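This report concerns only the one structure given below.
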Amino acid sequence: MPFWLMKSEPAELSIADLQRLGQARWDGVRNYQARNFLRGMQVGDLFFFYHSSCAVPGIAGIARIERAAYPDPSALDPHSHYFDAKASSEKNPWSAVDVAFVEAFPEVIRLPQLKAQSALTALPLVHKGSRLSVMPVSTDEWQAILALR
DNA sequence: GCCAACGTTGGC
DNA sequence: GCCAACGTTGGC
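According to my numbering, the residues represented by the first sequence are 4 to 152, in order.
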């Protein structure tokens, strides 16, 4: 079963929010590379929930894919922050998935700690300037990160 | 608030 | 198809 990592701004959706909600739609991805990874996800896949653009950037927990990729409704909603005027219900280039809460770590695994792991040098997340918000995580990387909990 | 890195747009 | 300009991401 493949593993992934996805970034979310906790002001938008945090691991605590997902814990409270149980489930949520993961929408608003507007980058083709990230979208293609979204489309590769299968129900049951696990991912690390990363908090970005916040006081303590890092991995905050684990969640699971509950529904595989489908056309992202937020692209069609004029009131949405993620509205895309070029998208239509016939031709919507963007994808969303549904996710479910699995686990919140007792403490966020902070970015500097992740960057210090030699097992994670290939992970785009730790690369300076990397903006990719959805990425695959190898089994070895998954285990290395789990060991930091 | 700053700024480096990156993706996208659009003129040519 | 090139590439400069621009907008966005995201750590600090």
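Where is the CB? At the ideal position from N, CA and C, for every residue including glycine. Note that this is a predicted model, so its numbers are computed, not measured.
Task: Close Cβ partners of P13 (< 7 Å) along its chain, the five nearest in sequence each way excluded - done: Excluding its 5 nearest sequence neighbours in each direction, P13 has C-beta neighbours in its own chain below 7 Å: H54, C57, listed in chain order.
TODO: Could you please give the first and the last residue of the uninterrupted alpha helix (DSSP H) stretch that includes E144?
DONE: In the DSSP assignment, E144 falls within the unbroken alpha helix (DSSP H) covering 142-149.
- [ ] Note down, in chain order, each residue of its chain lying with its Cβ closer than 7 Å to the Cβ of V129, except the 5 sequence neighbours on either side.
- [x] Cβ-Cβ distances below 7 Å link V129 to L117, K118, L123 in the same chain, with the five nearest sequence neighbours on each side left out; the list follows chain order.
Task: Simplified DSSP state of L8, which is helix, strand or coil - done: The answer is strand: DSSP assigns L8 an E or B state.
TODO: Please list, in chain order, all residues of the same chain as A103 whose beta carbon is under 7 Å from its beta carbon, the five residues on each side excluded.
DONE: Correct list, in chain order: G25, Q26, A66, R67, E69.
TODO: Ignore the nearest five residues each way along the sequence and tell me which others in G64's own chain have a CB closer than 6 Å to its CB.
DONE: If we look at G64 and ignore the five residues flanking it on each side, its Cβ neighbours are I18, F52, E106, A107, F108.
Task: Helix, strand or coil at A27 [DSSP, three-state] - done: A27: strand per DSSP, three-state reduction.
Task: DSSP state of R67 mapped onto helix, strand, coil - done: Per DSSP, reduced to three states, the secondary structure at R67 is strand.
- [ ] Provide the residue span of the beta strand (DSSP E) that contains Y53, from first to last.
- [x] Where Y53 is concerned, the enclosing beta strand (DSSP E) stretches over 49-54.
Open item on the list: Residues in the same chain with beta-carbon distance under 8 Å from M4, minus the five sequence neighbours each way, listed in chain order, please.
Closed with: Excluding positions up to five away in sequence, the list reads Q45, G47, D48, L49.
Open item on the list: From the DSSP secondary-structure annotation, give me the bridge partner or partners of P76.
Closed with: Paired residues: none, contrary to the question.
Open item on the list: Beta-carbon within less than 8 Å of S133's beta-carbon, same chain only, minus the 5 sequence neighbours each way: which residues are those?
Closed with: Only P127 meet the Cβ criterion.
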